[in-house]
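Numbering (UniProt numbering), first residue to last: 1 to 680.
Built from N, CA and C at the ideal position, the CB exists for glycine as well.
In this text the structure is predicted, and so the values were computed from the model without any measurement.
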Amino acid sequence: EVKIYSLSAGRSLPEWLSDRKKRALQKKDVDIRRRIELIQDFEMPTISTKIKVSRDGQYIMAVGTYKPRIRCFDTYQLSQKFERCLDSEVVTFEILSDDYSKIVFLQCDRFVEFHSQHGHYYRTRIPKFGRDFSYHYPSCDLYFVAASSEVYRLNLEQGRFLNSLQTDASENSVCDINPTHFLFAAGTAEGKVECWDPRTRNRVGLLDCALSSVTADTEIDGLPSISALKFNGALNMAVGTSTGQVLLYDLRSSNPLIIKDHQYGLPIKSIQFQHQLDLIISADSRIIKMWNKDTGKIFTSMEPEHDINDVCLYPNSGMLMTANEAPKMNIYYMPVLGPAPKWCSFLDNLTEELEENPESTVYDDYKFVTRKDLENLGLAHLIGSSLLRAYMHGFFMDIRLYHKAKMMANPFAYEEYRREKIRQKIEETRAQRVQLKKLPKVNKELALKLIEEEEDQQATRKRKQKNLPSLLKDDRFKVMFENPDFQVDEQSEEFRLLNPLVSKISEKRKKKLKILEEKEKEAQEQEEEPEGKPSDAESSESSDDEKGWVEEVRKQRKLLRQEEKVKRQERFKEDQQTLLKPQFFEIKEGEEFRSFKDSAKKQKLMKKTLGDRLKLEEKLGTLSVSDTTVGSKQATFKLKKSEQQKKQQEAEKQHRQERKTLRRSAGHLKSKRGRGQRFH
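Written out as structure tokens, the structure is:
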């Protein structure tokens with residue numbers, strides 16, 4: 001019952017949007033308007049890798065990509081203070097001062113970069129690729145662990161490298177310095193933790209964590225390496241392994257006090273101590289677990305949507321921040337762990353109001369029903385009314401109305417429930433006896449065949465092999481043995497040809513079915529189940545016999561031919577009995593009916609080849625073929641004219657002749673008139 005409030009819920013806006021467009025989107029989009037944003041633009045362009053809080057609690061710093069950068073957020077202003085881009089990705093970083101004025105970055109290209117208040121200050125390089133580093137305050141030394149057996153020391157007061165510490169490991173992965181007595185501890189790739197005294201530069205202890213992490217309950221594929229390390233006080237130290245175990249040690253003992261397994265097999269990314277409730281907060285890439293450091297009992301756990309890269313607990317408060325594989329960095333507030341930080345003290349008032357007025361979820365008082373459920377309850381007439389709210393493929397209705405309607409629709413529900421319980425108890429008592437094979441109503445022979453195949457497989461299968469799934473128990477094929485539409489038609493042509501030996505096998509199965517049905521009837525009459533099972537051991541002929549298979553196929557084909565002959569004879573008799581009635585055809589306008597010979601001629605022509613038709617058309621004069629100069633042939637066709645076109649052409653000829661005669665007569669009259677004028 002631990003309440004966790006997410007203070008970074010909602011969608012994040014793109015970085016390249018202008019402030020004007022962001023404001024316009026907030027006005028239009030309801031989701032963006034309702035989003036929670038405790039610190040403005042608390043995010044990275046793509047992902048965030050590390051997150052830390054300064055010692056004074058005013059600044060939160062995070063590094064991420066892409067491009068590699070650091071962002072500093074001022075908690076007093078609830079906004080971003082500055083952003084600096086870097087040359088390469090940051091493996092880890094440390095804040096040396098109380099505020100943001102001194103920062104050290106360990107980069108992936110072996111460079112160590114120092115930043116002051118104004119920005120970049122100095123840059124140096126270590127011999128091997130760095131994995132982690134810690135700062136020793138009394139001597140101003142930086143201890144770097146890298147992909148080597150050496151631990152490099154850089155003194156910031158003198159500004160030079162000191163003699164390195166030589167470990168027995170092939171590679172060191174993490175390190176930490178105890179804040180009380182300044183003991184330096186380095187975790188190795190072999191699963192060991194080496195402890196060194198910085199004053200004498202000698203190794204004072206060695207813990208074999210890989211051997212201690214392997215217990216009877218844990219299953220480990222390879223050798224666990226150390227992936228996280230954290231001191232608590234003067235005597236306690238927590239170690240995280242690459243296989244997902246967290247070991248809590250007392251420095252005075254080589255055996256762990258508690259071993260906590262995350263059960264995911266993922267490397268532990270971060271370990272934090274919560275002093276108010278004596279909790280350890282451990283995180284891998286998938287889950288954050290909080291558990292008691294004395295008993296190991298789980299307090300609570302969180303599974304964010306995206307993979308976790310780092311976890312940071314705000315000091316002396318119940319606020320938790322995570323850097324993850326997403327642009328937005330998550331902020332969680334748990335009032336149980338402690339009060340809200342002073343820069344967001346209003347969170348306590350908000351959470352108290354929410355706890356005083358708990359809101360039940362919208363769907364607690366409603367029941368989802370489909371249209372079929374409404375018809376069964378007799379409430380189909382309520383569709384469209386205010387009592388039903390349409391949603392997806394059904395409706396939401398008040399749970400009280402649903403219970404009342406159910407009681408009225410089925411008043412004898414208790415009696416049916418009582419009978420069902422009695423029947424179940426009787427079946428439980430009978431389960432010890434030998435039971436008969438229960439076959440489905442549809443496709444009984446197919447079900448019997450599957451049962452026999454399963455028994456044969458169980459007999460031949462080895463002990464180590466797993467049981468294969470049964471079609472009878474599979475929900476996907478349940479309808480095949482319930483719906484009569486899926487009944488196999490054994491009289492069909494396809495079934496008889498594809499299964500030539502099915503007749504012999506089906507006879508045996510029919511015998512078994514008869515035996516089972518008789519035994520079921522006897523059991524119903526006597527109301528007792530018979531002892532023993534019907535013997536399945538019967539003589540079976542080999543289905544691989546080729547001669548029997550060929551003979552059976554021939555028999556089936558002969559039977560099919562005889563059935564086809566009978567069907568043809570029946571059709572012939574039906575055709576003889578039917579009287580042919582005369583059919584009338586309508587002739588289109590402008591066409592003349594000559595005879596049926598024309599259609600017969602056309603059909604004959606269509607049957608002839610193209611060469612024969614061309615020769616015929618050459619004789620008739622409708623086609624002329626001539627050779628060209630190039631060597632190819634040229635064919636010209638004369639299209640046949642219909643009767644209507646011929647009549648039209650004749651009418652046009654007559655019209656032209658009449659016009660010619662009229663012109664001649666008109667010209668003759670004009671010439672006569674001209675002669676008369678000359679004469680006068």
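CA-to-CA distance, residue j to residue i, given in whole angstroms
i: residue 686; j: leucine 347; result: What is shown of the chain runs 1 to 680, which leaves residue 686 out entirely.
i: arginine 71; j: glutamate 83; result: 4 Å
i: lysine 372; j: phenylalanine 412; result: 20 Å
i: glycine 265; j: lysine 192; result: 19 Å
i: leucine 448; j: valine 246; result: 55 Å
i: tyrosine 152; j: lysine 27; result: 55 Å
i: glutamate 1; j: glutamate 355; result: 12 Å
i: aspartate 278; j: aspartate 294; result: 8 Å
i: lysine 573; j: lysine 558; result: 23 Å
i: isoleucine 259; j: threonine 241; result: 11 Å
i: glycine 338; j: serine 134; result: 28 Å
i: isoleucine 515; j: glutamate 490; result: 22 Å
i: glutamine 657; j: arginine 663; result: 10 Å
i: phenylalanine 231; j: serine 254; result: 15 Å
i: leucine 162; j: arginine 110; result: 17 Å
i: alanine 635; j: leucine 605; result: 20 Å
i: lysine 425; j: lysine 406; result: 26 Å
i: lysine 608; j: glutamate 617; result: 12 Å
i: isoleucine 60; j: tyrosine 122; result: 22 Å
Three-way DSSP call (helix, strand, coil) for residue i in this model
i: leucine 7; result: coil
i: asparagine 376; result: helix
i: proline 341; result: coil
i: valine 53; result: strand
i: threonine 661; result: helix
i: alanine 147; result: coil
i: asparagine 349; result: helix
i: tyrosine 402; result: helix
i: methionine 237; result: strand
i: arginine 84; result: strand
i: phenylalanine 184; result: strand
i: tyrosine 100; result: coil
i: aspartate 261; result: strand
i: serine 213; result: helix
i: aspartate 536; result: At aspartate 536 the pLDDT is 43, less than 50, meaning the model places this residue with poor confidence and gives no usable figure here.
i: arginine 656; result: helix
i: residue 681; result: No answer is possible for residue 681: the residues shown for the chain start at 1 and end at 680.
i: alanine 169; result: coil
i: lysine 602; result: helix
i: aspartate 284; result: coil
i: glutamine 158; result: coil
i: phenylalanine 412; result: coil
i: arginine 20; result: helix
i: glycine 667; result: helix
Whole-Å CB distance - residue i paired with residue j, under 8 Å assumed
i: leucine 78; j: leucine 38; result: 7 Å
i: serine 48; j: glycine 64; result: 4 Å
i: leucine 235; j: aspartate 250; result: 6 Å
i: arginine 286; j: glutamate 305; result: No, arginine 286 and glutamate 305 are not in contact; Cβ-Cβ is about 11 Å, not under 8 Å.
i: arginine 201; j: leucine 165; result: 6 Å
6 Å Cβ shell around residue i - same chain, five flanking residues per side excluded
i: threonine 351; result: Pro335
i: alanine 380; result: Leu374
i: glutamine 117; result: Ser101
i: phenylalanine 42; result: Met329
i: phenylalanine 144; result: Ile126, Gly130, Phe133, Tyr152
i: alanine 666; result: none
i: arginine 418; result: none
i: isoleucine 331; result: Leu7, Ser8, Leu38, Met321
Proximal residues to residue i (C-beta, below 8 Å), its chain only, five neighbours per side dropped
i: serine 470; result: Leu450, Glu454
i: aspartate 56; result: Asp98, Asp99
i: threonine 167; result: Ser149, Glu150, Val151, Ala186, Thr188, Glu194, Arg203
i: glycine 233; result: Thr180
Same chain, Cβ closer than 7 Å to residue i, neighbours up to 5 away in sequence not counted
i: lysine 289; result: His262, Ser282, Ile298, Ser301
i: glutamine 487; result: Val442, Asn443
i: tyrosine 76; result: Gln58, Trp343
i: leucine 206; result: Lys192, Glu194
i: cysteine 140; result: Asn155, Leu156, Glu157
i: tyrosine 66; result: Pro45, Thr46
- Message: Could you check whether the region 203-213 touches the region 169-176, counting it as contact only if at least three pairs of C-beta atoms, one from each stretch, sit closer than 8 Å?
- Response: In short, these stretches do not touch, since the Cβ pair count stays below three.
- If we count Cβ pairs, one from each stretch, closer than 8 Å, do we get three or more for the region 308-323 versus the region 259-272? The region 308-323 is in contact with the region 259-272.
- Item | Stretch pair the region 154-161 + the region 191-210: three plus CB contacts closer than 8 Å | Counting Cβ pairs under 8 Å, fewer than three are found: no touch.
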